[in-house]
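Read in the working numbering, the sequence shown has 117 at position 116, and its numbers run on one by one without any break.
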Amino acid sequence: MSTLTIQALRGADATPWLDAIAQLRIDVFREWPYLYAGNLSYEQGYLRTYFDCPDSIVLLALDDDALVGASTALPLAAAEAEMQAPFIQAGISTDDWLYFGESVVLDTYRGRGLGVGFFAERESHALALGLKRCTFCAVERPETHPAKPPHYIGNERFWTNRGYTPMDLVCHFAWPDIGATESTDKPMRFWERTLPTG
């Protein structure tokens, strides 16, 4: 019988898992709504932002010793400039926020509490750092997009149940969709929660 656990690592302690997390991200983000035709070199560079930050957290979902999910977070003030820009432009200080990187879980392991665990671990990490607010962003695709699965259910209800609400802030990232030859710009909506401290 398998044992499903979440292991929390800080910054550089996660470096041995770099390639495995990068490949997991590529595999999961091929699915709707990201449709991401990723490459290992880019993913390794992206993850270095988290691994090089001493205040980051890297969560590993393990089935025995096999990586089946991962999640990341770091102070927004240490995140990529593209993530900070909408806050700065809106006159919102980045100092009080923990930014959640994407959570990825293999399809066969979804619905088993890993998403809830990822949120709980990252929120606890925020409070441990003295940060009161959490945020993340998610891609927004047109409802009429031809690649959207007919019975797709998004994560919005899950996020709302965790106490998160959408913000008016949007950033933009470009990546190549599966089957495309060039990268195209995608809007990414921010969500937020102010953590209870009492």
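Using N, Cα and C, we set each Cβ at its ideal position, and we do this for glycine too.
Keep in mind the model is a prediction, meaning the values are calculated, not measured.
Item to check | Boundaries of the alpha helix (DSSP H) in which Phe-88 is found, first to last residue | outcome: 82–90
Checklist entry - Per DSSP, what kind of secondary structure is Thr-50 in: helix, strand or coil? => result helix
Next on the checklist: Residues in the same chain with beta-carbon distance under 8 Å from Ala-38, minus the five sequence neighbours each way, listed in chain order, please.
Outcome noted: Arg-31, Trp-176, Pro-177, Asp-178, Ile-179, Gly-180 and Ala-181
Checklist entry - To the nearest whole angstrom, what separates the beta carbons of Leu-128 and Leu-196, a pair I think is in contact under 8 Å? => result 6 Å
Checklist entry - In the structure shown, what three-state DSSP assignment does Leu-205 receive? => result Missing from the structure shown is residue 205; the chain here goes from 2 to 199 and no further.
Checklist entry - Is the stretch 54–62 close to the stretch 6–13, with three or more CB pairs under 8 Å? => result yes
Checklist entry - Which two residues bound the contiguous beta strand (DSSP E) that contains Trp-18? => result That residue, Trp-18, is in no beta strand (DSSP E); it is neither H nor E in DSSP.
Checklist entry - Applying the criterion that 16 or more other CB atoms from any shown protein chain within 10 Å of the CB defines a buried residue, is Leu-36 buried or exposed? => result buried
Next on the checklist: Does Ile-89 pass the burial test, meaning 16 or more other C-beta atoms within 10 Å, or should it be called exposed?
Outcome noted: exposed
Checklist entry - Thinking C-alpha only, which one of Phe-159, Phe-120 and Ala-71 is nearest Leu-107? => result Ala-71
Next on the checklist: Measuring straight from C-alpha to C-alpha, what distance separates Ala-121 and Cys-135?
Outcome noted: 11 Å
Next on the checklist: Report the CB separation of Trp-33 from Lys-187 in whole angstroms; it is logged as a contact under 8 Å.
Outcome noted: In fact, because the Cβ distance is near 13 Å, the residues do not count as touching under 8 Å.
Next on the checklist: Going by DSSP in three states, Asp-97 sits in which element: helix, strand or coil?
Outcome noted: coil
Checklist entry - So which of Glu-124, Ser-94, Val-171 and Asn-156 has the shortest CA-CA distance to Ala-79? => result Ser-94
Checklist entry - How big is the Cα-Cα spacing for Pro-55 and Pro-151? => result 42 Å
Item to check | Same chain only: Cβ atoms within 6 Å of Thr-200, ignoring 5 sequence neighbours per side | outcome: The displayed coordinates of the chain run from 2 to 199. Any statement about residue 200 would go beyond what the structure contains.
Checklist entry - What is the residue span of the beta strand (DSSP E) that Phe-191 lies within? => result 185–195
Checklist entry - From what residue to what residue does the beta strand (DSSP E) around Trp-176 run? => result 166–176
Next on the checklist: In the DSSP assignment, the beta strand (DSSP E) including Thr-73 goes from what residue to what residue?
Outcome noted: 67–76
Next on the checklist: Does Arg-49 pass the burial test, meaning 16 or more other C-beta atoms within 10 Å, or should it be called exposed?
Outcome noted: exposed
Checklist entry - Rounded to a whole number of angstroms, what is the C-alpha to C-alpha distance between Trp-192 and Phe-119? => result 16 Å
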